[in-house]
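The block underneath contains the structure these notes are about, expressed in structure tokens.
Chains as they are written, first to last, in the numbering used here: chain A, 1 to 113; chain B, 1001 to 1883.
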């Protein structure tokens, strides 16, 4: 233990959307770095898996992309949430909070009761 | 919703892959560049930083691959690739493709057409709610095989039965009635009770059903009308409800219109329906206490079986029988409860199964043919398949490829078959005899189309899987003449199977053909050329007494006799050879002064009430005694002529002339004046019945009962004579509709059903034979071609051309002999199913079987001879060089 954690199945999409919600528009690399930072560098993304996940979200209509220029003047593709995406991320976040809350009750040290 | 959108985009993605690839390459490029820059900023050398970036990406190519898979639908893409590959293959080999599609289209088309006809007879639910619980209930006896109910039973049964939810009744026969309006028409009128439509689960399309108070004696005169009448006569006028029509001279108010596709459970048709208005008290006395006959139907309670209902009704039946039926007849009457489907289609179910079975046999042969072609093609492509296999295509991949080809072919065949079925169905309907129920409704609807699709898939299973399971052998890569034993066995068994099935079809067709010939060639005992009948529908409300009817017919007779070219004008009530509805029981007849035979013995007797010219018109010779005379017609003596068959049974070894016989029905004694030659009188296939001819005298009481029928023999052709006769009748009463029919037409109509069966089975047998022979030819030709080199060697070593011929022929003969032997064995068993359709020929008729075997063997041998002859002509030098 103590090493870097993998991304659990199905959570990457939520992380991506949540990150885009807070950051607005990001390119793929920036997005990946941002997710790692947010996790306190606990997560190590396989960057290769990020792009199919982005494509899936885009196909589902939760995010959209366009080409733009990065801060250091490089051409990069930027992603941002759509309206449907914003709705989606709120709903998913709520569900996850609920799920982790329940799980947390099980995992917390036994309380007297 | 979002999933669907993604799916759709992925489908779209398949059709423009290039653009997305480029775009993603650029994105990856930019990703790696950004990452590398970060690395350099962190102090790595540019090369290290780039390497780091690539490692973290997990490989550019892998990423590209997963991205591509997400961008499109990989499985669909591979199916499309298979399809494209298959289509390319078909284009390269158009003759193969067309042959396969045509064969399948023929098989699937014929099967679909036949299925669309028999579906309604055998499988499709009848157009009533919960039709599986509807039954026809009543009694039967030797002269009436369809359930009927007497008014005297009905109430007792209806009120005391337990197994049914409900029981309802309709009149036995539609009767002609007149719509007397500005636009008069002759219609068919029928009655049913108020519970009839609810029992069937039918509601009128407009208006309402009869109310209980309308279904009472002396209730208001109301009617339901058919959709056809509403459409044809009232132009779908929604104001029809409440309108008063004049039926047979008295007003009747329309309360409802029956649905368009409504059909009576008796399959009769009627335009106007009156309430039955049964009078319980009157039924207890009418018709000698039996009540009037009717047809009754009932709905089983859920969970009650037919057998149970029979068991439960038996005591009730026994009770009514013992109270109502006189002791001598009790044995004759039986309870009968049948499902509505059996009531409607029982007599054509055998035909339907035989047709369906034989068309499936044709389909099997077609599939076997296609399988043979596919295997041959697989053989030709073995090197290619082996190559693909060596290059890494999995077994499943290759099977999928073959199945894709099979599916494409059979779908194309199915589509072509559906189009063909439309045409074939038209032919069937035109060819089909009357009395095949629902034929007019047969058509290609969604259900039939679905059946066709299923059929096509079945074909894929039959002919696609076999070749698909062949593994390409790597050895095929090395050798030039690939030979697979497994495959050879498979193809040969297919051919043997085809010959077997052909043999079954052919023998069935031969038996039916022989039976049909027997039917056509038999002596009818009557002269049919130039004879025609005129059936005049006298409106009952104007000709409301027997006297008026008699006067009309006597006038018509006199008028027709004055016409030139007319040989004889007789009056009867029916003509042979049909007319099963005539007759009474043998046991009702006795020699005067002697006791009647035991009830239920002796079968039935045909009877007709005729004028003297009946025998002259039909040219039936009087073999003993004399014919009736014109003077007899005005006497009051009870006179009869009996048939030779009857004379020999009643008075064996005696002279019947002058003897008297008595009929229990009226108790009167009839004097026999003559004996007429036997005629075919029970239909074309049923055995002859003894026949008695009553004299139709010119007294009103001789003209009740069955409607009279004019029979005319003329030296002119009926075509020329009919207009003269028509105008004579029109002079007497211009409004009466008259139906003319030649005797030949009537006889031919009786043979319609066997003709239909024979023609169809013959067609299937022929198609099957042709396909099987093509299959055989294909196998032998292919085999001969494969052995070219061997033949060359043999010839080089001194084999004569005759030896080569024998070599190839031996192969064919073995297959033919095996197939024929199996076929005969199977046909001997299968032909039992035809027994009820055969006339004067046994299901194992040796002559038919020998003929069919010879035919099949000859045709098959011819098919073998062609490739064998060309093998014989092989030039050994060339054959050896071709390696």
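For glycine and all other residues, C-beta sits at the position ideal for the given N, C-alpha and C.
Buried or exposed by the 16-neighbour rule on C-beta atoms within 10 Å, applied to residue i
i	result
residue 1209 of chain B	buried
residue 1523 of chain B	exposed
residue 1327 of chain B	exposed
residue 1572 of chain B	buried
residue 1454 of chain B	exposed
residue 1850 of chain B	exposed
residue 1162 of chain B	exposed
residue 1085 of chain B	exposed
residue 102 of chain A	exposed
residue 1679 of chain B	buried
residue 1734 of chain B	exposed
residue 1337 of chain B	buried
residue 83 of chain A	exposed
residue 79 of chain A	buried
residue 1636 of chain B	exposed
is_contact[residue i, chain B] using C-beta, thresh 9 Å
i	result
residue 1 of chain A	Confidence at residue 1 of chain A is low in this model, with a pLDDT of 37, below 50, so the placement of that residue should be treated as unreliable; the coordinate-derived value is given next. It does not; no Cβ of chain B falls within 9 Å.
residue 49 of chain A	yes
residue 59 of chain A	yes
residue 93 of chain A	no
residue 97 of chain A	no
residue 74 of chain A	yes
residue 42 of chain A	no
Bridge partner(s) assigned by DSSP for residue i
i	result
residue 1609 of chain B	B:1694
residue 1535 of chain B	B:1739
residue 1177 of chain B	B:1187
residue 67 of chain A	A:77
residue 1275 of chain B	B:1192
C-alpha distance - residue i paired with residue j, whole-angstrom precision
i	j	result
residue 1035 of chain B	residue 1383 of chain B	50 Å
residue 1876 of chain B	residue 1417 of chain B	45 Å
residue 1247 of chain B	residue 1180 of chain B	6 Å
residue 1445 of chain B	residue 1742 of chain B	38 Å
residue 1482 of chain B	residue 1377 of chain B	Low per-residue confidence applies at residue 1482 of chain B: pLDDT is 49, beneath 50, and the placement is therefore not dependable enough to give any value.
residue 1146 of chain B	residue 1264 of chain B	15 Å
residue 1170 of chain B	residue 1196 of chain B	7 Å
residue 1323 of chain B	residue 1295 of chain B	21 Å
residue 1166 of chain B	residue 1250 of chain B	33 Å
residue 1450 of chain B	residue 1239 of chain B	41 Å
residue 1866 of chain B	residue 1101 of chain B	25 Å
residue 1739 of chain B	residue 1534 of chain B	6 Å
residue 56 of chain A	residue 1080 of chain B	22 Å
residue 1832 of chain B	residue 1605 of chain B	31 Å
Start and end residues, alpha helix (DSSP H) containing residue i
i	result
residue 1711 of chain B	Careful: residue 1711 of chain B lies outside any alpha helix (DSSP H), inside the beta strand (DSSP E) at 1709–1714.
residue 1013 of chain B	1002–1013
residue 1230 of chain B	1227–1234
residue 1675 of chain B	No alpha helix (DSSP H) holds residue 1675 of chain B; the beta strand (DSSP E) holding it covers 1669–1676.
residue 1587 of chain B	It is not in any alpha helix (DSSP H) - residue 1587 of chain B carries neither H nor E in the DSSP assignment.
residue 1769 of chain B	1752–1786
residue 1343 of chain B	1340–1380
Neighbour flag for residue i against chain A, beta carbons, 9 Å
i	result
residue 1062 of chain B	yes
residue 1414 of chain B	no
residue 1003 of chain B	yes
residue 1482 of chain B	Since pLDDT at residue 1482 of chain B reaches only 49, below the 50 mark, its modelled position is unreliable, and the value read off the structure follows with that caveat. So no, residue 1482 of chain B is outside the interface.
residue 1073 of chain B	no
residue 1037 of chain B	yes
residue 1069 of chain B	yes
residue 1006 of chain B	yes
residue 1043 of chain B	no
Continuous beta strand (DSSP E) stretch holding residue i: start and end
i	result
residue 1256 of chain B	1250–1257
residue 75 of chain A	75–81
residue 1293 of chain B	1293–1300
heavy atom of the ligand ZN below 8 Å from residue i C-beta
i	result
residue 1788 of chain B	No copy of the ligand ZN appears in this structure; indeed no ligand is present at all.
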